[in-house]
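**Q**
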Amino acid sequence: MQFNFKKFYGLYTKQLRKIYEIKQIDLANAIHISRSTLSKMESNAQEMDSYLFEDILQFVHTIDPSFVFLKDKEILQEYDQWVHECAYHFVHLTTEEILDPLKAFLSRSDSNGFGYFHHRLLSVYVMKFENRKCEHEIIKLYESNFFTEPFYQIILNDFMSMRPSLSVDAAMYYLRLAQGYCSIAHDPGLYGLILYHQIYRLANAYRTIEAYELIESCENAFQKAGAYRRMLYVTLNKGILLFQMHIYSRAIATFDELLRSGQQIHNKSDFLCAIYDNLAWCYFLLEQDEKAMEYAKLALKEGSEFPDIYIVLAYSSYRLKNETICLDYISDFLKKSHLNARGRFIASFLQLLRFRLTDSVHFEKQQQQIEQQLPNFKSVQLEIPFYKVLVEYYSEKSQLEQVILYQEKLIHYLKFDF
Numbered sequence: 022m023q024f025n026f027k028k029f030y031g032l033y034t035k036q037l038r039k040i041y042e043i044k045q046i047d048l049a050n051a052i053h054i055s056r057s058t059l060s061k062m063e064s065n066a067q068e069m070d071s072y073l074f075e076d077i078l079q080f081v082h083t084i085d086p087s088f089v090f091l092k093d094k095e096i097l098q099e100y101d102q103w104v105h106e107c108a109y110h111f112v113h114l115t116t117e118e119i120l121d122p123l124k125a126f127l128s129r130s131d132s133n134g135f136g137y138f139h140h141r142l143l144s145v146y147v148m149k150f151e152n153r154k155c156e157h158e159i160i161k162l163y164e165s166n167f168f169t170e171p172f173y174q175i176i177l178n179d180f181m182s183m184r185p186s187l188s189v190d191a192a193m194y195y196l197r198l199a200q201g202y203c204s205i206a207h208d209p210g211l212y213g214l215i216l217y218h219q220i221y222r223l224a225n226a227y228r229t230i231e232a233y234e235l236i237e238s239c240e241n242a243f244q245k246a247g248a249y250r251r252m253l254y255v256t257l258n259k260g261i262l263l264f265q266m267h268i269y270s271r272a273i274a275t276f277d278e279l280l281r282s283g284q285q286i287h288n289k290s291d292f293l294c295a296i297y298d299n300l301a302w303c304y305f306l307l308e309q310d311e312k313a314m315e316y317a318k319l320a321l322k323e324g325s326e327f328p329d330i331y332i333v334l335a336y337s338s339y340r341l342k343n344e345t346i347c348l349d350y351i352s353d354f355l356k357k358s359h360l361n362a363r364g365r366f367i368a369s370f371l372q373l374l375r376f377r378l379t380d381s382v383h384f385e386k387q388q389q390q391i392e393q394q395l396p397n398f399k400s401v402q403l404e405i406p407f408y409k410v411l412v413e414y415y416s417e418k419s420q421l422e423q424v425i426l427y428q429e430k431l432i433h434y435l436k437f438d439f
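Count along the sequence shown from 1, add 21, and you get the number used in our numbering.
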């Protein structure tokens, strides 16, 4: 591990000023240098020596007599080892093995020392492992500009890409920076992780072909790293991408394979939910409604919170001529409170289906509202059941132009929309 003490002095000084709310001019005057010189040192444009750094520590001590800076340099190696351990367990999805020992290490370590930035990075790992929000902490650590080694740059750029507030293009910017550092670090596990997060981002943005092209390289990297749990999630994403490309038979085969190998997953219930959710949709779109409902019910039994599953349950019941059951599922979903935007969109389709069953005069108005929102919810893949309902509805009304219109939209979606 490389450690540039002269770089550390300036960057840590900047952190101390923020913590104790010390104005730059006041600190510069106290240590008898110009403000511009101190500014350059804090931004790494000019090096700070150990003697000047000692003066700064003495000044901070006058403000806070309890302040102690630990000058133990040997602990740096331990910090570096912990960061490598965290990266390993994050890649291998074995964070449950390291979380408690990591928290114990941090609780007995003082962040005010040469391990300051490492301590903050490990604290971010704790928040990540506990699924806590840490966007602010990641940005501050990234903007500190302390870590320059490729291994650390991969981690930090990956963390930056994972912020929920980022657009897919912004996230991909950080992931491609990380990927560039991977060619220097030669760590197959981290390389696989960066590709995995690219796949995840692209798939969620419905850039399906781009995402699918990364699958093989990602699988190979995790295979080389021995990250077998993580490989199962790559396979899950592969199945989802095949599903998005309407290659349902291959998607089903992929999910079936996962059901046979999912025992390696620590959080098995969530993993099974994802498989059952997707199998239900595959069989639903193949119009194998009994199978679709079977997997949809399994998903609910495992605790699935995937709102789309109610489309399967309601519409499959509708196609199976079980209208009462269909209306019951619709009612169950519409009674749910605190629906997000996706949930409200699904509710609008289920309301349309209810209008269809009850011959409501509000059907066409509801249809128009859904059509306006459809481009914003491509990931729901509502187009197939939606257009089929419309074809059926307008066929009964003998409105041939409308029937042809929605048949053409359905065909176009199946051919090109992925």
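Beta carbons: idealized from backbone N, C-alpha and C, even for Gly.
Quick caveat, the model's predicted, so the values are computed rather than measured.
1) May I have the straight-line CA-CA distance separating residue 335 from residue 430, to the nearest angstrom?
2) For the alpha helix (DSSP H) that contains residue 222, what are its first and last residues?
3) What number of angstroms, rounded off, separates the C-alpha of residue 53 from the C-alpha of residue 203?
4) Report the start-end ranges of each beta strand (DSSP E) in the segment 124-196 that is 3 residues or longer and not cut off at the edges.
5) Across which residues does DSSP place residue 91 in a beta bridge pair?
6) Along the chain, where does the alpha helix (DSSP H) containing residue 67 start, and where does it finish?
7) Apart from the five residues just before and just after residue 370, which ones in its own chain have a Cβ nearer than 7 Å to its Cβ?
8) Sorted by chain position, which residues of the same chain lie with C-beta nearer than 7 Å to residue 118's C-beta, five sequence neighbours on each side aside?
9) Going by the beta-carbon positions, is the gap between residue 352 and residue 313 smaller than 7 Å?
10) What are the boundary residues of the alpha helix (DSSP H) that residue 114 is part of?
11) Determine, using beta carbons only, whether residue 298 and residue 272 come nearer to each other than 7 Å.
12) DSSP three-state label for residue 354, please.
13) Compare the Cα-Cα distances from residue 243 to each of 214, 127 and 90 and report the closest residue.
14) Less than 7 Å between the beta carbons of residue 143 and residue 103, yes or no?
15) Pull up the distance between the alpha-carbon of residue 293 and that of residue 115, whole angstroms please.
16) Is the beta carbon of residue 120 closer than 7 Å to that of residue 462?
17) When the Cα atoms are used, what is the spatial distance from residue 173 to residue 128?
18) Verify whether the separation of the beta carbon atoms of residue 37 and residue 49 is less than 7 Å.
19) Give every residue of the same chain whose Cβ lies closer than 7 Å to the Cβ of residue 239, excluding the five residues on either side of it in the sequence, and list them in chain order.
20) Could you pull the start and end residues of the alpha helix (DSSP H) that residue 338 belongs to?
**A** Looking at the atomic coordinates:
1) 23 Å
2) 209-225
3) 43 Å
4) none
5) 134
6) Looking at the DSSP string, residue 67 is not in any alpha helix (DSSP H), and its letter there is neither H nor E.
7) 332, 391, 403 and 407
8) 110
9) no
10) Element bounds for residue 114: n/a, residue is neither H nor E.
11) no
12) helix
13) 214
14) yes
15) 18 Å
16) An answer regarding residue 462 cannot be provided, because it is not within the stretch 22 to 439 covered by the chain.
17) 23 Å
18) no
19) 213, 216, 217, 220 and 255
20) 330-340
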